[in-house]
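Peer 1: Counting from 1, position 271 in the sequence shown corresponds to residue 270 in numbering that gives the first Met the number 0; the numbering is continuous, with no gaps.
For each residue, glycine too, the CB sits at the ideal point set by N, CA and C.
Please read these numbers as outputs of a predicted model, since none were measured by experiment.
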Amino acid sequence: MSQIPSSASSASFNVAAIQMVSTPVLEENFNTARRLVAEAAAQGAQLVLLPEYWPIMGMQDTDKLTCAEILGEGPIQTFMAQLAREHGIWLIGGTLPMIADEVGKVLNTTLVFDPDGRQVSRYDKIHLFSFSKGEESYDEARTIVYGKDTGSFQAPFGKVGLSVCYDLRFPELYRALGDCTLIVVPAAFTYTTGKAHWEILLRARAVENQCYVLAAAQGGKHPNGRRTWGHSMLIDPWGEIKSVLAEGEGLVGGSIDPHFLKGVRDSLPALLHRKL
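1. So is Q2 buried or exposed if we call it buried at 16+ other beta carbons inside 10 Å?
2. Is the segment 11-21 touching the segment 248-263, taking contact as three or more C-beta pairs under 8 angstroms?
3. Using the three-state DSSP reduction, which class does E171 fall into: helix, strand or coil?
4. Can you tell me whether S266 is buried or exposed, with buried defined as 16 or more other CB within 10 angstroms of its CB?
5. Compare the C-alpha of L270 against each of E51, R204, A245, G219 and name the closest.
6. Please classify S5: is it buried, with 16 or more other beta-carbons within 10 angstroms of its beta-carbon, or exposed?
7. Considering only residues of the segment 196-264, which uninterrupted beta strand (DSSP E) runs meet the minimum length of 3 residues and lie entirely inside it, listed in chain order?
8. Buried or exposed for P268, please, with buried defined as at least 16 other CB atoms from any protein chain shown within 10 angstroms of its CB.
9. What's the gap between the Cα of Q45 and the Cα of S242?
10. Of the choices A175, E135, N107, E38, whose alpha-carbon is the least far from that of K124?
11. Can you tell me the Cα-Cα spacing of A329 and R174, whole angstroms?
12. Would you mind reading off the limits of the beta strand (DSSP E) that contains M97?
13. Which residues in the same chain have their Cβ closer than 7 angstroms to the Cβ of E38, if we skip the five residues on either side of it in sequence?
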């Protein structure tokens, strides 16, 4: 468990997470993502993560139905493929709405594109958020279909596990992903739940899985009135926050260091000590 996988490079690999305050207008969000991804690539990022719902945060939950896409077709996927190819990066596309079998619902889907712009992995969000407290009320299951399968892909530095937002509260999902060098968490945590639990859950996932965690969040007041928590961050396998952005548009970044990861696992071989 402490060894660097033979298929992974032992060299450091630069990653970045994009933080946005997405609007109901696709083109506005495209422009923001284009600018921030270009900035990340210019700073040396080789893998870039977009936040959950980055293409659209509608005025109504049902607005995303109008821009749902079929796999391999549509302006959102075309945009992401072109962006990955243009900058020669691995692009993890936060989430976008994908056509589902149920009428009036979509899948909340993460797609991964390699540096040639090829779509190489997919994950449909498994755990759907609901919360009700005072005037705040959310229920993603009204417009989203539950995903069924875990998702991951092999990057040059090792295995990357895919998860989305509310998944963060379910550690069994991350155990099911197996041995990962990096776990990504695109998210749109509410201000209320984010303030209470976001950082502690992210750091817990990094510590218990002894891997890097990269989280890209929505972070600010949206035109629909919703306020998201932000605090996009990169966390190392010891649980230390390496970079964080509290609120507003921008990016965080840093390096994935396989030797540091190996050192953590060698000195504290908790993954080898599992009994269940």
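Peer 2: On the basis of the supplied data:
1. Counted from its first residue, the sequence shown places residue 2 at position 3. Interpretation of Q2 is limited by its pLDDT of 46, a score under 50 that renders its predicted location unreliable; the figure taken from the coordinates is listed afterwards. By the neighbour-count rule (16 or more Cβ atoms within 10 Å), Q2 is not buried but exposed.
2. yes
3. Here residue 171 is taken as the residue at index 172 of the sequence shown, counted from 1. Looking at E171 - three-state DSSP - the assignment turns out to be helix.
4. For the purposes of this step, residue 266 is identified with residue 267 of the sequence shown, where counting begins at 1. Exposed is the call here.
5. Translated into the one-based positions of the sequence shown, residue 270 becomes position 271. Answer by Cα proximity: R204.
6. Start at 1 with the first residue of the sequence shown, and residue 5 comes out as number 6. Interpretation of S5 is limited by its pLDDT of 44, a score under 50 that renders its predicted location unreliable; no figure is taken from the coordinates.
7. 211-216, 231-234, 240-244, 249-255
8. Here residue 268 refers to the residue found at position 269 when the sequence shown is read from its first residue. Exposed is the call here.
9. Sequence index remark: in the sequence shown, residue 45 carries index 46 (1-based). Sequence index remark: in the sequence shown, residue 242 carries index 243 (1-based). Approximately 16 angstroms between the Cα atoms of the pair.
10. The residue labelled residue 124 in the question sits at position 125 within the sequence shown. Of A175, E135, N107, E38, the residue nearest in Cα terms is N107.
11. With the chain running from 0 to 275 in the structure shown, residue 329 is simply not present.
12. Numbered from 1 along the sequence shown, position 98 holds the residue referred to as residue 97. Element bounds for M97: 95-98.
13. Locating residue 38 in the sequence shown gives position 39, where the first residue counts as 1. Closer than 7 angstroms at Cβ, skipping near neighbours: L250.
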